[in-house]
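Take any residue in the sequence shown, count from 1 to its spot, add 546: that is its number in my numbering. Ideal placement from N, C-alpha and C gives every residue a C-beta, glycine not left out. These notes are about the structure you will find just below.
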Amino acid sequence: MNRSPRRRRAPDRRNTVAVGLKALIFDCDGVLAETERDGHRVAFNRTFAAKGFGFEWDAALYKELLKIGGGKERMRHFFDRTSWPAGVSDKDALIKELHKLKTDYYTQIVEAGELPLRPGVARLVDEAAAAGVKLAVCSTSNEKAVHTVVERLLGLERKAKFDVILAGDVVSKKKPDPEIYTLVLERLHLKPTEAVVVEDNRNGLLAAKGAGIYCLVTTNSYTEDEDFREADLVVSELGDPPQVQVDLATIRRMVEVGPGRL
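Quick look at the structure:
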C-alpha cells in the first residue's frame, strides 16, 4: 500500500539562492530492491542450514538484527547475544566463512531473478542520467553482492551510467557513521549540498545527514515504522506511472529550497 509523501510546507522561494543537483546517490539494500527480506535473510538461513546450526532468522528477529549495520557484524551480535556454535575456537574465521557462503547463496538468489527492482528506481536512474546528473551507489554490504544487484536488476547498460559504486570494506566504519558518504563526495568531487542520497532506514539517514547531504527516504516493510524526522522527504516508494511519488524535479527542489524545507 502506497503512502502519500510526508512533505513540509513549501517555503517562500523569492529569496532562495538556487543551487544545482549534481549527483544522486543510492543505497543498495532495501532501496534498489527488497533485498533484506527476500534476499539476505533467505541467504543467511540457507547458510545456517548448510552448516547444520538448527536455527533460522524469522522476519521479526531479522527486523531487530537490521539495527546492526553489516552482515558480519549482525552474525557476531547474534552469536554474542545467544551462543556461539559448539567447538568454535576462531570466531573471526567462522564469521568470515559464514559470510562468504551467505554471499554465494545471495548471489544465486539475485542471478535467478528472484528480486525485482523497487518501483521507480529504473525510471529515476534514467531521468538523472539523461539530465547529466552523476549517479552513485553507496553500500557497506559485500562488494560482490552489490555489483551483482546493480548488474542483474538494472542491467549492464544502466550500470555503465554510474560514476561510482562503493561497497564492501571500502570504509572502516558502517552506517550510521558518515564515512562512506564522505568518501563518495570525495570521489565525485562534490560538496554535500550538491547531492541527494536515497536511503531506506534510519542508520542510512543518519549517515547521509552526518555527511551533510540531503536525504530522501523510501521506506520498506522493515523500516516503515522507524524515526525519519531528519529526512528531507519520506515516501513509501519512488513509484512508476501512474503512481509516481518522486521524480527528478522533486529531487531538484530538495536541493534548491534547502534542508528540511520541501
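Is it true that the stretch 592-609 meets the stretch 660-676, where meeting means three or more beta-carbon pairs spaced less than 8 Å apart?
-> The stretch 592-609 makes no contact with the stretch 660-676, as fewer than three CB pairs between them are under 8 Å.
Span separating the alpha-carbon of Arg560 from that of Gly804 = Note that Arg560 scores 32 on pLDDT, short of 50, meaning its location in the model is unreliable and no value can be drawn from it.
Determine the DSSP secondary structure at Tyr768, reduced to helix, strand or coil.
-> Coil.
Asn749 to Asp573 span [Cα, whole Å] = Roughly 11 Å between the two C-alpha positions.
Alpha-carbon spacing of Ile711 relative to Ala682, whole angstroms = Ile711 and Ala682: Cα-Cα distance of roughly 6 Å.
Beta carbon of Leu752, beta carbon of Met800: below 8 Å?
-> Not a contact, by the Cβ cut-off of 8 Å.
What separation, rounded to the nearest whole angstrom, lies between the Cα atoms of Lys690 and Glu802?
-> Cα-Cα distance, rounded: 36 Å.
Endpoints, alpha helix (DSSP H) assigned at Lys680 | It is not in any alpha helix (DSSP H) - Lys680 instead sits in the beta strand (DSSP E) that spans Lys680 to Cys684.
N-terminal and C-terminal residue of the beta strand (DSSP E) that Val780 is part of = Val780 -> beta strand (DSSP E) spans Leu779 to Val781.
Take the Cβ of Ala713 as the centre, count every other Cβ of all protein chains shown within 10 Å, and call the residue buried at 16 or more, exposed below.
-> When all chains shown are included, Ala713 counts as buried.
Does the Cβ of Leu670 have 16 or more other Cβ atoms within 10 Å, making it buried, or fewer, making it exposed?
-> So Leu670 ends up on the buried side.
Which value, in whole angstroms, describes the spacing of the CA atoms of Gly566 and Arg798?
-> Our two residues, Gly566 and Arg798, have alpha carbons roughly 7 Å apart in a direct line.
Would you please verify whether the beta carbon of Asp773 is less than 8 Å from any beta carbon of chain B?
-> The question asks about chain B, but that chain is absent: this structure has only one protein chain.
With DSSP collapsed to three states, give me the class of Val563.
-> Confidence in Val563 is poor, its pLDDT being 35 and thus under 50, which makes the residue's placement too unreliable to answer from.
By how many angstroms is the C-alpha of Ala754 removed from the C-alpha of Glu776?
-> Cα-Cα distance, rounded: 10 Å.
Nearest to Ser767 by CA position, among Thr593, Phe594 and Ala606, is which residue?
-> Per the C-alpha coordinates, the member of Thr593, Phe594 and Ala606 positioned closest to Ser767 is Ala606.
Residue closest to Lys648, alpha-carbon to alpha-carbon, out of Pro738, Arg620, Asp786 and Trp630 = Measuring from the Cα of Lys648, the nearest candidate turns out to be Arg620.
Under 8 Å, do Tyr652 and Ala596 count as touching if we go by C-beta distance?
-> Judged by their CB atoms, Tyr652 and Ala596 are not nearer to each other than the 8 Å cut-off.
So is Arg698 buried or exposed if we call it buried at 16+ other beta carbons inside 10 Å?
-> Using a 10 angstroms sphere on the CB of Arg698, the tally of other CB atoms reaches 16 or more, which defines it as buried.
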